[in-house]
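Written out below as structure tokens is the structure these notes cover.
Chains as they are written, first to last, in my numbering: chain A, -5 to 334; chain B, -5 to 334.
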């Protein structure tokens, strides 16, 4: 198996910088669209053979150094007692607003409530055995709570922030319950065979640094501390965290995911050598001509300056209208330009 | 006239920290909604008596230390030859995509093409004479170009970024033309009586620091250098710029606007004492109970630590569903807690 990705997570030397793309199993790939046209998004998440098929596609097509489980961060929230739909963004029919709403939430039994996720992981470990490692993942407690309270995506997340400020006890009770669920969910993924875990905090960056520290950090910290991490590196990605990397770092984990708003070198100086980093090309660079893609890949590699513990990635998910050949070119550039 | 705001812009000592709110003339005010119900948004922008009326409302209702012209950043773009509508977000029927599109744009004659903006300023200077100073404003060239190229708002601004990377000559020609227009527009506002200018770069922060430096900084710099700035302080606000304040600072201006993603004290350390700052309370804090609003106002004042050259503001526009009494309370807290 290609161990470049896992080695870099642990800060070990590698022959070339490993690379994968957030949302690499996605709509920009015609092969994905072919599978997706036969079912709904949720059906795809819940059918292990299909979820495994689209997980493997980018490994073969792009030549990336890791696969990431195809699923949705809200998958384990549904069996907490929340009716989930995609229209196409996620919508919960019954958003959480009161202490009674929080008390009514149950902690799922992972083997019974999300068996398809664990089965997908088992299939993938067999099929990827000689290829690349499998990354499991989940949403960070705050990002999950954002959707649970708002009921859908939001521009300013005012409802959950209002809860934080005006009903801190309800907010804390919700976050405790979501954190417990998250920990059991990710540990079930590890038990099923996930070889690394990425925690996505897509909305952690909508808060001020002081609010992040007060309302998010303690929960993500408890989550990461509660994972069965022996031999399993944890990647923590908070989008929009460039102004508070010193605080986010306190959550723990082995690798910090970086979006494209920070200079990767400056970020590493702040974070320190004890954590690896993952990132951080602007996803829109994949719309550029091939020579610009190469120049920008080189720039990110240069910002890292040869330090061990760098996993190349985009600063956010690949966009649905990117030409696949540009993603292939990016992966090729990373491998070629970083060759020792 | 209350000169607290202008004094702080120049870094002079003040008796209390001046305060105003971005989008303070807006939908959260019932008085605004009453006027707005009689006409469309564009009609309101183009009718000097009404635009002046809603500009003054928050001065009387909130007790803020400055008024800001009621208008829209896209107002001067329409007479460049672009059909503008609000549905309710801005939409251009004919977005800019080619060099021919750029060449077809004209530079408006401000006195003839946007007379209502200049007339509104003249009315306001008379009516505000004994009250507070009047801030004029415009969009930064990049933010204007974002709407001109995309044709509407966007989540990822992929079309303009694609132009940057794949057709840098078209992008540069567009930015040159928009910068020239912007300079003439803001100088016309100064000539009509604006006592300070705020430049809004709402989307500058969607770029990586290196792309901001390459594709935005030179134009904003040329704009600010070209303003008739004698006695007229310039506030430069780039949303999402917390990771590149050192670069944004090079654009010039007297005051840097800060969003809520950075710690105001840390930001001042980066920017240095030669520029004042404006900000930076998270707008959603205005949904909080009164004691939390007071605590958060105090926190921002404490982060400034008594340094001269601080104008209190939100980190972005006030949200439309905020209770007006909370905005009044915020202004009162700023004045009371900062009293020398």
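From the three backbone atoms N, C-alpha and C, an ideal C-beta is built for every residue, glycine too.
Given the structure is predicted, the values throughout are model-derived calculations rather than measurements.
Chain A within 9 Å of residue i, Cβ atoms only
i: residue 238(B); result: yes
i: residue 283(B); result: yes
i: residue 34(B); result: no
i: residue 49(B); result: no
i: residue 315(B); result: yes
Extent of the continuous beta strand (DSSP E) to which residue i belongs
i: residue 195(A); result: 190 to 195
i: residue 259(B); result: Note, residue 259(B): premise wrong, no beta strand (DSSP E); alpha helix (DSSP H) at 258 to 265.
i: residue 158(B); result: Residue 158(B) -> not in any beta strand (DSSP E); alpha helix (DSSP H) instead, spanning 152 to 160.
i: residue 79(A); result: 78 to 80
i: residue 275(A); result: 270 to 275
i: residue 16(B); result: Element bounds for residue 16(B): n/a, residue is neither H nor E.
i: residue 249(A); result: 249 to 251
N-terminal and C-terminal residue of the alpha helix (DSSP H) that residue i is part of
i: residue 307(A); result: That residue, residue 307(A), is in no alpha helix (DSSP H); its beta strand (DSSP E) goes 304 to 308.
i: residue 323(B); result: 318 to 331
i: residue 203(B); result: 203 to 209
i: residue 45(A); result: 42 to 56
i: residue 231(B); result: No alpha helix (DSSP H) holds residue 231(B); the beta strand (DSSP E) holding it covers 228 to 232.
i: residue 136(B); result: 135 to 144
i: residue 96(A); result: 93 to 98
i: residue 109(B); result: 109 to 122
i: residue 86(B); result: It is not in any alpha helix (DSSP H) - residue 86(B) instead sits in the beta strand (DSSP E) that spans 84 to 86.
i: residue 27(A); result: 24 to 30
i: residue 71(B); result: Element bounds for residue 71(B): n/a, residue is neither H nor E.
i: residue 291(A); result: 284 to 298
i: residue 242(B); result: 239 to 242
i: residue 1(B); result: -2 to 3
Residue i: contacting residues in chain B (beta-carbon distance under 7 Å)
i: residue 293(A); result: 204
i: residue 286(A); result: 159
Chain B residues whose Cβ lies nearer than 8 Å to that of residue i
i: residue 199(A); result: 255
Closer than 9 Å to chain B by CB, residue i
i: residue 214(A); result: no
i: residue 234(A); result: yes
i: residue 92(A); result: no
i: residue 137(A); result: no
i: residue 124(A); result: no
Residue closest to residue i, alpha-carbon to alpha-carbon, out of the options
i: residue 88(B); options: 41(B), 145(B) and 68(B); result: 145(B)
i: residue 135(B); options: 157(B), 297(B) and 216(B); result: 216(B)
i: residue 202(B); options: 314(B), 259(B), 234(B) and 96(B); result: 234(B)
i: residue 214(A); options: 226(A), 192(A) and 225(A); result: 192(A)
i: residue 260(A); options: 274(A), 247(A) and 24(A); result: 274(A)
i: residue 112(A); options: 188(A), 100(A), 10(A) and 322(A); result: 188(A)
i: residue 280(A); options: 15(A), 142(A) and 9(A); result: 15(A)
i: residue 75(B); options: 84(B), 95(B) and 81(B); result: 95(B)
i: residue 109(B); options: 269(B), 61(B) and 73(B); result: 73(B)
i: residue 177(B); options: 125(B), 222(B) and 121(B); result: 222(B)
i: residue 210(A); options: 186(A), 170(A) and 185(A); result: 170(A)
i: residue 149(B); options: 179(A), 328(A) and 310(A); result: 310(A)
i: residue 71(B); options: 162(B), 142(B), 226(B) and 206(B); result: 142(B)
i: residue 128(A); options: 84(A), 64(A), 246(A) and 282(A); result: 64(A)
i: residue 313(B); options: 291(B), 17(B), 230(B) and 2(B); result: 17(B)
i: residue -2(A); options: 323(A), 306(A), 258(A) and 320(A); result: 306(A)
i: residue 126(B); options: 184(B), 163(B), 78(B) and 60(B); result: 60(B)
Residue i Cβ short of 8 Å to the ligand GDP heavy atom set
i: residue 287(B); result: With respect to small molecules bound, the structure shown includes none, and the ligand GDP cannot be examined in it.
Short CB-CB distance (under 9 Å) between residue i and chain D
i: residue 71(A); result: Considering every chain present, this structure includes no chain D. Its protein chains are A and B.
For the region 139 to 162 of chain B, list every residue whose C-beta sits within 7 Å of some C-beta in chain A, in sequence order. Answer in chain order: 150, 152, 155, 156, 159 and 160.
Interface residues of the region 292 to 313 of chain B facing chain A [CB-CB below 7 Å]: Flagged, chain order: 293 and 313.
Tell me which residues of the region 254 to 279 of chain B have at least one Cβ-Cβ distance to chain A shorter than 9 Å, keeping chain order. Under the 9 Å Cβ criterion, the region 254 to 279 of chain B contributes 254, 255, 256, 257, 260, 261, 274, 275, 276, 277, 278 and 279.
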